[in-house]
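With the working numbering applied, the sequence shown corresponds to residues 414 to 553, in that order.
Here the structure is laid out as structure tokens; the discussion comes afterwards.
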Amino acid sequence: MKIYIGSDHAGYELKHYLMDNFKDVEFKDVGYLELNKDDDYPSVAHDLSNKVLTENGIGVLICGTGLGMCMAANRHKGIRGANCLTSEMATMARKHNNANILCLSARLLKQEDTLEILKTFLNTEFEGGRHERRVELLDK
Ligand code: RB5
């Protein structure tokens, strides 16, 4: 499975931690590709969202809080970004919301906890059923 991943400067270290330590998938880093001090998180979020939409894929976006990345990603119709602070949130984001982008906070989460959050996100299926209708309504 190929997973798109992106970060700003605040998420750069966590992005590399995940790429180095989460071995279950192949990551495609969409940027920023070098550590700077003043990256613009919306640019990465827009690039990654377009890739996820084009390829019907899954993405991970990381910034300081996860909030800015999530806001930018969710401006794209068809993107369902979820800022998850726990594995329980990741479970529900997939089961009920069919989230296709996991947003993570590099400043609020312990690095090692993000491995479980990501694993949960990738291994949990959308439940469908009554949630299908609600997810469709998101884009109306
Ligand atoms: C960068 O300092 C910070 O604002 C950014 O990473 C993110 O947390 C925005 O939502």
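For glycine and all other residues, C-beta sits at the position ideal for the given N, C-alpha and C.
Contact test: residue i Cβ vs the ligand RB5 heavy atom, cutoff 7 Å
i	result
A423	yes
T467	no
Y454	yes
C516	no
N476	Per the sequence shown, residue 476 should be read as Cys rather than Asn. Because some heavy atom of the ligand RB5 lies under 7 Å away, the Cβ of C476 counts as near it: yes.
G481	yes
Within-8 Å CB hit, residue i to chain D
i	result
G541	The chain labelled as chain D is not found in the depicted structure, where only one protein chain is given.
Sequence-distant residues of its chain with Cβ nearer than 8 Å to residue i (five each side left out)
i	result
K508	T537, E538, F539, E540 and H544
N487	R493 and G494
M432	I418, F440 and D442
Rounded Cβ spacing between residue i and residue j (contact assumed at less than 8 Å)
i	j	result
K450	H422	6 Å
V457	S420	7 Å
G491	L515	The pair is not a contact, with the Cβ atoms about 16 Å apart (cut-off 8 Å).
L528	F435	6 Å
Beta-carbon contacts of residue i that lie in its chain and below 7 Å, excluding the five residues immediately before and after
i	result
N510	R493, A495 and V548
H459	A485
L448	H422 and Y425
T504	T533 and T537
Neighbourhood of residue i by C-beta distance below 6 Å, restricted to the same chain and skipping five residues each side
i	result
M414	V438
Y454	D421, C476, G481 and M482
G424	I475, C476 and A519
G444	G419 and V457
Item checked: Completely contained alpha helix (DSSP H) runs for the segment 468-551, where each covers 4 or more residues -> 480-486, 500-508, 524-536 and 543-551
Checklist line | alpha helix (DSSP H) runs contained entirely in the segment 425-475, provided each spans 4 or more residues | finding: 425-434 and 454-468
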